[in-house]
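What follows is one structure encoded as structure tokens, with my remarks underneath.
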């Protein structure tokens, strides 16, 4: 039991140091984790021996060590986004009643990785590997909304804004205004821009730097996603994307 308690305390110290940008003194760490300084010092010196923490004697500050980075890096090399996302997608489907999709950007388009179908007869089916244009799909617009402006401009220049339906945004200024609204509210909307009668609400999954690496959307007939439900669905998507980002090791904003 004592060993488990020590492990929990050591992990708490590591988590505290991980949130510190410039390192922390022994007193600051002890105050943060609510432990006596003597206990904290004993745990720190043990972790220092294993290189999980490092000590700057000149500034008397403790920081995360190289071994902690190595362990974290092993996770980033072996994580599988589709596998990690699956339970979150299923939970969102159950909560919203609509089909949920996972996609990533690829060559100026989005490619769908996975889908969890809803149980309703009318639903949007997307097979893994299928592609869609970024400017008229919910997942694509979500990714565009959180990319730097110069990348968005480059994609527009390279791929254009072809008209897919009567509702497709084919003006760069109109698209950018829509992306700005998506950025402000935290989710994007495909309002029958990819297929008439279909609406999609989408958010982004972020990596450890806070940049978007994938997008998650719920999609369904416009009749089941009327204007008055868009914000409700958008908040659900945004919350699930934040939870999935954390599970993936990312940094939700």
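Numbering (the working numbering), first residue to last: 778 to 1030.
Built from N, CA and C at the ideal position, the CB exists for glycine as well.
Residue i, DSSP secondary structure in three states
i	result
residue 984	coil
residue 917	helix
residue 814	helix
residue 989	strand
residue 1091	Residue 1091 lies beyond the residue range present for the chain, which begins at 778 and ends at 1030; the question has no answer from this structure.
residue 1018	helix
residue 870	helix
residue 878	strand
residue 979	strand
residue 963	coil
residue 1030	coil
residue 831	strand
residue 948	coil
residue 859	helix
residue 801	strand
Through-space distance from residue j to residue i, alpha-carbon basis
i	j	result
residue 789	residue 810	7 Å
residue 898	residue 960	33 Å
residue 795	residue 881	29 Å
residue 907	residue 888	6 Å
residue 946	residue 924	18 Å
residue 829	residue 929	40 Å
residue 781	residue 948	60 Å
residue 1001	residue 1009	12 Å
residue 980	residue 858	15 Å
residue 1004	residue 832	56 Å
residue 867	residue 805	42 Å
residue 864	residue 921	25 Å
residue 991	residue 785	33 Å
residue 842	residue 825	8 Å
residue 964	residue 913	14 Å
residue 926	residue 1020	26 Å
residue 952	residue 793	42 Å
Same chain, Cβ closer than 6 Å to residue i, neighbours up to 5 away in sequence not counted
i	result
residue 977	915, 967, 994 and 996
residue 892	878 and 903
residue 778	Summary for residue 778: the model assigns pLDDT 47, below 50, so the residue's position carries little reliability, and this model does not support an answer.
residue 1027	983, 984 and 985
Proximal residues to residue i (C-beta, below 7 Å), its chain only, five neighbours per side dropped
i	result
residue 936	885
residue 872	1013
residue 845	791 and 829
residue 1023	1029
residue 818	803
Neighbourhood of residue i by C-beta distance below 8 Å, restricted to the same chain and skipping five residues each side
i	result
residue 975	901, 967, 969, 996, 997, 998 and 999
heavy atom of the ligand COA below 7 Å from residue i C-beta
i	result
residue 846	The model depicted lacks the ligand COA and carries no ligand whatsoever.
Integer Cβ distance of residue i from residue j, believed to fall under 8 Å
i	j	result
residue 962	residue 1011	6 Å
residue 869	residue 918	Not really, about 18 Å apart at Cβ, beyond 8 Å.
residue 732	residue 783	Limits of the chain in this structure are 778 at one end and 1030 at the other, which puts residue 732 out of reach.
Cβ pair count under 8 Å reaching 3, the region 797 to 805 against the region 820 to 839: yes
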